[in-house]
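J.:
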Amino acid sequence: MAEDGLAAALRARIEGEVVVAGDPGYDRLRSVFNARIDRRPLAIARCASREDVVAALAAGAERGLPVAVRGGGTSDLATLDAGLVVDVGPLDRVAIDPEAATVRVGGGATWRELDAAAQEHGLAVTGARVPRLGVAGVALAGGSGWLERALGPTCAGVVGAEVVLAGGRTARAGDEDPDLLWALRGGAGGFGVVTELELRLHPLDPTLLSGFLGFPRERALEVGGAFRDLLEHGPDELGGALMLGAGIGGACSAVVAFAGSVANGEEAVAPLRALGPSIDAVAPNEYTALQHLFDVRNPHGSRVHLRGGYLRELPDEALERVIAAANRPAAALSHLLLQPLGGALERLDPDAMALRIPDAPWAYRCFGLWPPVESLDRGAIDWVDGIAAALEPYTLATAHPGFLAPRPEPYRSATGGADERATRLESIRQRCDPEGTLRPDPPAIHARAPR
Ligand SMILES: Cc1cc2nc3c(=O)[nH]c(=O)nc-3n(C[C@H](O)[C@H](O)[C@H](O)COP(=O)(O)OP(=O)(O)OC[C@H]3O[C@@H](n4cnc5c(N)ncnc54)[C@H](O)[C@@H]3O)c2cc1C
-14 MAEDGLAAAL
-4 RARIEGEVVV
6 AGDPGYDRLR
16 SVFNARIDRR
26 PLAIARCASR
36 EDVVAALAAG
46 AERGLPVAVR
56 GGGTSDLATL
66 DAGLVVDVGP
76 LDRVAIDPEA
86 ATVRVGGGAT
96 WRELDAAAQE
106 HGLAVTGARV
116 PRLGVAGVAL
126 AGGSGWLERA
136 LGPTCAGVVG
146 AEVVLAGGRT
156 ARAGDEDPDL
166 LWALRGGAGG
176 FGVVTELELR
186 LHPLDPTLLS
196 GFLGFPRERA
206 LEVGGAFRDL
216 LEHGPDELGG
226 ALMLGAGIGG
236 ACSAVVAFAG
246 SVANGEEAVA
256 PLRALGPSID
266 AVAPNEYTAL
276 QHLFDVRNPH
286 GSRVHLRGGY
296 LRELPDEALE
306 RVIAAANRPA
316 AALSHLLLQP
326 LGGALERLDP
336 DAMALRIPDA
346 PWAYRCFGLW
356 PPVESLDRGA
366 IDWVDGIAAA
376 LEPYTLATAH
386 PGFLAPRPEP
396 YRSATGGADE
406 RATRLESIRQ
416 RCDPEGTLRP
426 DPPAIHARAP
436 R
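The numbering of the sequence shown is the numbering used here, which starts it at -14 and goes up by one.
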């Protein structure tokens, strides 16, 4: 059998911990953020160095095993049945070069670590809105966060990487391998195991005007329209999202983050304040505090159903439809973010990265999150699908690579179909991983209809 001697081979060859069924920690490490994913790997190799990754991949390859890479463990792809998990979590080193304004992070570092270290030097790069997410996993998927209209997507900041390819050779994305660098910038993974990532940082004052303005839900259309009009014409430094919680009693919040001076930020958000919010929680906050704003809304171990897309426009009619859909009751943690694009996202060099952001003014991300009780699935999934259906007439075909659920295209078309980009990505994947060892099948729950 494929697993024969796997654990022993791994234990003999890697310094990090090797975890198999029955070991303490197996259930924790085989699980991911989404409790609907229940997969049983043959072994989990907790890699503490590049050498560990090379040795783990070799042990898997000798047995012809598929491999899943686990970074922050927030996607559904970080675990698998009957294969090997290469867990790069222990590779969490963060080293800032303040002079060069760059950071080198281990392949398993999270945004919590990077944001805190960079902000000590008044620096930042667009990071995910949930700090427990992995830096590498987010960058490979493009990377979206509060600062994106000012600083661009995370992947635009990737300037180099050390990558262990499936065959065990180490490649250096950058001057040595510009094609691989291009692919790592939002190409959705499947090229190898990133053991180190280098990102360019930007100056960001540790205190920025940020937070949210909360309104009664019955004002959602008025607030949504005002938020849209402001953000469509607002300065690039102004980022944020309109957030709607589930049900008529759910949140209706304008989340804002101004990546510039507090005085200019006050001016930029004045039109929203003029609406007279019931809660004004916009203040000069530390960026690292802003990053934790939604921690309680995103607890690890929830059951999850995600939908997202780019919107060609956001007219009042779209707002009316989506508010009506959001007004249906669902699990309390579920929420919708309507996110403005534009700004730096509009000025990306299409030749510099695999990520493709279509010409669209808005994106939506709908997070269905509910307690780990299976009988809640149907209502919670319906709520998310209802939002997607309401926005469907305005949604472009291009999916966000980090939001493959619930209908993943074949892995290679995650960045937009069989076009020139997809062909280039596929040829890079062929070179880096000819056997397809690192291209996990999406978990079955995403392949079948939700009920
Ligand atoms: C609740 C929630 C909130 C989210 N919020 C955001 C957000 O604000 N912004 C955003 O951009 N995205 C967001 N996402 C999507 C998220 O970016 C992707 O799921 C991302 O790929 C997660 O990376 P990870 O390392 O945390 O997870 P993992 O599941 O560990 O990794 C995700 C993928 O990247 C690959 N990968 C990770 N690390 C490495 C590595 N070192 N080398 C090679 N491959 C690697 C894995 O193989 C896997 O396929 C969110 C997802 C959820 C569930």
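The beta carbon of each residue, even a glycine, is placed where N, CA and C say it ideally should be.
Computed from a predicted structure; not experimentally measured.
(1) Taking DSSP as the reference, what is the three-state secondary structure of Arg157?
(2) With DSSP collapsed to three states, give me the class of Thr400.
(3) With respect to 7 Å, is the separation between the Cβ of Leu441 and the closest non-hydrogen atom of ligand 1 below this value?
(4) Measure the C-alpha to C-alpha separation of Leu(-5) and Gly153 and round it to an integer number of angstroms.
(5) I want to check one thing, is the minimum distance from the CB of Phe18 to the heavy atoms of ligand 1 below 7 Å?
(6) Excluding the 5 residues flanking Asp190 on each side, which residues of the same chain have their C-beta closer than 6 Å to its C-beta?
(7) Select from Thr59, Val4, Pro346 and Leu318 the residue whose C-alpha is nearest the C-alpha of Ala113.
(8) Closest to Arg(-2) by CA distance: which of Thr87, Ala20, Arg406 and Asp37 is it?
(9) Looking only at C-alpha atoms, which of Ala259, Leu275, Arg282 and Gly261 sits nearest to Gly235?
(10) His290 lies in the beta strand (DSSP E); which residues open and close that run?
(11) According to DSSP, what are the bridge partners of Gly145?
(12) Under three-state DSSP, which class holds Asp37?
(13) Kindly examine ligand 1 and report whether one of its heavy atoms sits closer than 7 Å to the Cβ of Ala126.
(14) Counting pairs of Cβ atoms below 8 Å between the stretch 226 to 234 and the stretch 246 to 254, do you hit three or more?
(15) Taking the alpha-carbon positions, what's the Gly56 to Gly74 distance?
(16) Can you tell me which of the three DSSP states Asp362 falls into?
(17) Taking only the alpha-carbon atoms, compute the straight-line gap between Asp383 and Ala274 and give it to the nearest angstrom.
(18) Using a C-beta cutoff of 8 Å, does Ala231 count as contacting chain D?
(19) My guess is that Ala(-7) and Asp418 are in contact by the Cβ rule of under 8 Å, so how many angstroms apart are they, rounded?
(20) Mind checking which residues open and close the beta strand (DSSP E) that includes Gly91?
(21) Nearest to Asp72 by CA position, among Asp367, Ala135, Val5 and Arg202, is which residue?
(22) Please report the Cβ distance between His290 and Ala374, rounded to the nearest whole angstrom; I am assuming they are in contact, meaning their Cβ atoms lie under 8 Å.
(23) Can you list, in chain order, the residues of its chain whose CB lies under 6 Å from that of Ala303, leaving out five sequence neighbours each side?
T.: Concretely, from the data shown:
(1) Strand, per DSSP.
(2) With a pLDDT of only 48 at Thr400, under 50, the local geometry of the prediction cannot be trusted, and the value read off the model is given with reservation. Helix at Thr400.
(3) For the chain, the structure presents residues -14 to 436; residue 441 sits outside this window and is missing.
(4) Between the alpha carbons of Leu(-5) and Gly153 lies a gap of roughly 15 Å.
(5) Yes, the beta carbon of Phe18 sits closer than 7 Å to at least one heavy atom of ligand 1.
(6) No residues qualify anywhere along the chain.
(7) Check the Cα spacing between Ala113 and each of Thr59, Val4, Pro346 and Leu318: the tightest is with Thr59.
(8) When each option's Cα is compared against that of Arg(-2), the closest is Asp37.
(9) The residue among Ala259, Leu275, Arg282 and Gly261 with its C-alpha nearest the C-alpha of Gly235 is Arg282.
(10) Arg288 to Leu296 is the span of the beta strand (DSSP E), which, as asked, contains His290.
(11) Gly145 is bridged by DSSP to Glu183.
(12) Residue state for Asp37 is assigned as helix, using DSSP reduced to three classes.
(13) Ala126 Cβ: within cutoff of ligand 1.
(14) Contact fails between the stretch 226 to 234 and the stretch 246 to 254, because fewer than three Cβ pairs, one in each stretch, are under 8 Å apart.
(15) Spanning the alpha carbons of Gly56 and Gly74 requires a straight line of approximately 6 Å.
(16) Reduced to three states, the DSSP call for Asp362 is helix.
(17) The residue asked about is misnamed: residue 383 is Thr in this sequence, not Asp. Between Thr383 and Ala274, the C-alpha separation is close to 32 Å.
(18) Structure shown: chain D not included; a single protein chain is present.
(19) Contact flag wrong, Cβ pair sits at about 26 Å.
(20) That run of the beta strand (DSSP E) goes Thr87 to Gly91.
(21) Relative to Asp72, the option among Asp367, Ala135, Val5 and Arg202 whose CA is nearest is Val5.
(22) At roughly 13 Å, the Cβ-Cβ gap does not stay under 8 Å, so His290 and Ala374 are not in contact.
(23) Closer than 6 Å at the Cβ level, and outside the excluded window around Ala303, lie Tyr379.
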